[in-house]
């Protein structure tokens, strides 16, 4: 397992000028930089690939799904915009030589409502239809799309690993896998290790986040149980720290980071990397 860190730890939106983060990220002991793409136009894609390669860092890509990027919306223009955004992200992922695009691709972050069964079924149908089309693009590019369950305060669609698995089976495309984030799973799953075991070989990405989104190892997550479950299912993919700097642009309200989570963002990343190295050693 290789250790990574998400650019949301330091900046939002991520732009070409933020490539200067990479030497620091490498010096902290990370193997991977996970680029949170809020706007593909802000990123010099060939330079991103070259800079990461020069620093000895691998790349993973994650999306930021605001209200205008909802592939399950009842507004067809918003659905089209969501598909176009994900397609652009997949093209970027391919161009930088990565094989992983992750996030809650199924809906908008912060979309939480009580709706009728008929409306819920219709939204899911739109979601499945759009994911099938996106799966073809991903498969052709050799990319895995990792579907991330979010907690109940951030989505009403996919909260559990079991729900992500059901959606993947309904879509029926091998491009899709499960993305587990321990922050969300700590709220929704009865046991994070058991959720990892249920995902099994469908586990395609992993975010190692503390229960308060602070430094991994400083809170209440059962990290030994997490480690043992990851090893038990033979997971060999990225283990990425995701936290947020206050004031993120695309999903600020849903992420709800209103206070610092460590003495500094550098401390959060550096100490988190050290903890995960010791844990996963």
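In the working numbering, the protein residues as written are 53 to 333. Heads up, the beta-carbon is just placed ideally off N, CA and C, and yes, glycines get one too.
With respect to the 8 Å criterion, residue 58 and residue 90 are not classified as neighbours on the basis of their beta carbons. For the pair residue 311 and residue 259, the Cα-to-Cα distance works out to about 21 Å. Three or more pairs of CB atoms, one per stretch, sit closer than 8 Å, so the region 159-171 contacts the region 198-210. Relative to residue 144, the option among 330, 290, 194, 294 whose CA is nearest is 194. Contact annotation: the region 146-159 touches the region 115-124, with at least three C-beta pairs closer than 8 Å. Distance from the Cα of residue 75 is smallest, within the candidate group 97, 104, 92, for 104.
If you ignore the 5 residues before and after residue 323, its C-beta comes within less than 6 Å of the C-beta of 267, all in its own chain and listed in chain order.
For residue 182, the enclosing alpha helix (DSSP H) starts and ends at 169-193. Distance from residue 274 to residue 245 at the Cβ level is roughly 7 Å; contact confirmed, criterion being Cβ atoms closer than 8 Å. A check of alpha carbon separations from residue 211 across 217, 203, 279 identifies 203 as the nearest.
In the three-state DSSP reduction, residue 128 falls in the helix class (H, G or I). Residue ranges of uninterrupted beta strand (DSSP E) with 3 or more members, entirely inside the region 86-148 and ordered along the chain, are 110-115. Between the alpha carbons of residue 140 and residue 228 lies a distance of about 17 Å.
Between the alpha carbons of residue 81 and residue 177 lies a gap of roughly 43 Å. Under the three-pair Cβ rule at 8 Å, the region 93-104 does not count as touching the region 118-133.
Within the DSSP secondary-structure output, residue 153 pairs in a beta bridge with 113, 197. In the structure shown, residue 293 adopts extended strand secondary structure according to DSSP, grouped into three states. Nearest in C-alpha terms to residue 319, of all of 53, 54, 62, is 62. Contact annotation, residue 83 with residue 109: C-beta distance approximately 7 Å; criterion of less than 8 Å satisfied.
By the C-beta density criterion, residue 106 is exposed, having fewer than 16 other C-beta atoms within 10 angstroms. Put simply, the backbone Cα of residue 261 is about 20 Å away from that of residue 286. Rounded to whole angstroms, the Cβ separation of residue 180 and residue 199 is 12 Å, and the two are not in contact under 8 Å. Per DSSP, the beta bridge partners of residue 233 are 259. Exposed is the label assigned to residue 96, since fewer than 16 other Cβ atoms lie within 10 Å of its Cβ.
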